[in-house]
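First up is the structure itself, then whatever we jot down about it.
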């Protein structure tokens, strides 16, 4: 995942790096569709609303997790085609992921929603754990650790579910 913006490093500025902090995923609107396929990719974008940290203090909004910039439109065939060896391009503040990862991420969350009536989106925490690199190279870019948080009740539910699943298979 890439959190590097096209503009300045000051995460409080529009177009800069992704602001650190806690983001809520709205229960009624977790995924957004539409918009520019070139910018966002062929998949839905994860909708996030800043609740604390730099994102809350900065006044920035519309920070999402999405793919994009990994396809080219073929004007002859009128179809989108994957580029060879795609890289994660800078954004205007969002987190960019590979299109293939976004597809899998969406499938996983859709399956959770479909198979568990108590499933609700949670929160995403964006923090900076980048280590200083003393030797510059073409592969150096800002990376962050994104943590999806679930409630204690939900965690306990899934632990019980997995334990019951394995216990039933061992009989």
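Residue numbers (our numbering): 287 to 457. For glycine and all other residues, C-beta sits at the position ideal for the given N, C-alpha and C. Just so it is clear, the structure is predicted and the values come from calculations on it, not from any experiment.
For residue j and residue i, believed in contact at Cβ under 8 Å, the rounded distance
i: residue 407; j: residue 328; result: Actually they do not touch by this definition, with Cβ atoms about 22 Å apart.
i: residue 326; j: residue 356; result: Actually they are not in contact, since the Cβ atoms of residue 326 and residue 356 sit about 11 Å apart, beyond 8 Å.
Cα-Cα separation, residue i to residue j
i: residue 372; j: residue 414; result: 24 Å
i: residue 437; j: residue 347; result: 25 Å
i: residue 307; j: residue 452; result: 37 Å
i: residue 318; j: residue 450; result: 35 Å
i: residue 344; j: residue 376; result: 20 Å
i: residue 439; j: residue 296; result: 37 Å
i: residue 441; j: residue 395; result: 15 Å
i: residue 338; j: residue 403; result: 28 Å
i: residue 447; j: residue 397; result: 15 Å
Closest residue to residue i among the options (Cα-Cα distance)
i: residue 353; options: 297, 397, 394, 389; result: 389
i: residue 314; options: 446, 405, 412, 447; result: 405
i: residue 370; options: 363, 358, 364, 443; result: 358
i: residue 401; options: 444, 360, 364, 386; result: 444
i: residue 342; options: 298, 360, 363; result: 298
Beta-carbon spacing of residue i, residue j below 7 Å
i: residue 336; j: residue 303; result: no
i: residue 350; j: residue 331; result: yes
i: residue 410; j: residue 334; result: yes
i: residue 305; j: residue 340; result: yes
i: residue 374; j: residue 289; result: no
Neighbourhood of residue i by C-beta, 8 Å cutoff - its chain only, sequence neighbours within 5 removed
i: residue 378; result: 291, 292, 293, 300, 301
Other residues of its chain near residue i: CB distance less than 6 Å, five sequence neighbours each side excluded
i: residue 399; result: 405
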